[in-house]
Amino acid sequence: MGIGISIHMQESLLFVNLTGELDQSTMQKVKQKLVNAIDQSDVKHVVFNFKGLTFMDSSGIGIVLGRYNQIRDRDGRVFVVGMNPVVAKVFYMSGLNKIITIIDDDADVMRVLEEAI
894 MGIGISIHMQ ESLLFVNLTG ELDQSTMQKV KQKLVNAIDQ SDVKHVVFNF
944 KGLTFMDSSG IGIVLGRYNQ IRDRDGRVFV VGMNPVVAKV FYMSGLNKII
994 TIIDDDADVM RVLEEAI
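Just remember that our numbering sits 893 ahead of the position in the sequence shown, which is counted from 1.
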């Protein structure tokens, strides 16, 4: 299927919207865009929106974990919003839920971010 990625900044927040499948065949494209976006800006926190993500394998876990490490070095946090059951299963099995804040609804994103920041 492929992957769609859109990125936008809002102050020190990087919002990442992913659609399609995040797997071995698409992870390089996502990784390159995210590394560049974070390295070339004053990003402190990253919010992944997985609402449009239909599949994620361990490559996707590596993408999220890598950005967690980048952001942790900036004393920031990583958040995920909108996981379907397939993506959530992989996310929880990997244990990422122990270090990444999961937000259930888009409407809660700003509230959670304000509390976290």
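Glycine included, each C-beta is placed from N, C-alpha and C at the ideal position.
Practice item. Grab the span of the beta strand (DSSP E) containing residue 906 for me, first residue to last. Key: Per DSSP, residue 906 belongs to the beta strand (DSSP E) from 906-915.
Review point. By how many angstroms is the C-alpha of residue 935 removed from the C-alpha of residue 947?
Key: When rounded, the separation of the alpha-carbon atoms in residue 947 and residue 935 is 30 angstroms.
Point to revise | Terminal residues of the beta strand (DSSP E) in which residue 926 lies | key: No beta strand (DSSP E) contains residue 926, which is instead part of the alpha helix (DSSP H) from 920-932.
Point to revise | Residues sharing a beta bridge with residue 941, DSSP | key: According to DSSP, which records beta bridges pairwise, residue 941 is partnered with 909 and 973.
Exercise for review: Spatial neighbours of residue 950 within its chain, please: CB distance less than 6 angstroms, with the 5 preceding and 5 following residues excluded, ordered by chain position.
Suggested key: So the list reads 916, once near-sequence residues are dropped.
Exercise for review: Flag this pair as yes or no: are the beta carbons of residue 959 and residue 912 separated by less than 9 angstroms?
Suggested key: Cβ atoms of residue 959 and residue 912: not closer than 9 angstroms.
Exercise for review: Note down, one range per segment and in chain order, each beta strand (DSSP E) of at least 3 residues found wholly within the stretch 946-1005.
Suggested key: Look at the stretch 946-1005 and you find these whole runs of beta strand (DSSP E), each 3 residues long or longer: 971-974 and 994-996.
Review point. Do you know offhand how far residue 971's Cα is from residue 955's?
Key: When rounded, the distance between both Cα atoms is 14 angstroms.
Review point. Less than 9 angstroms separating the beta-carbons of residue 859 and residue 980?
Key: Examination of residue 859 is not possible in this model, given that the chain is present from 894 through 1010 alone.
Exercise for review: Return the CA-CA distance between residue 938 and residue 964, expressed in angstroms with no decimal places.
Suggested key: Looking at the two C-alpha atoms, the distance is approximately 6 angstroms.
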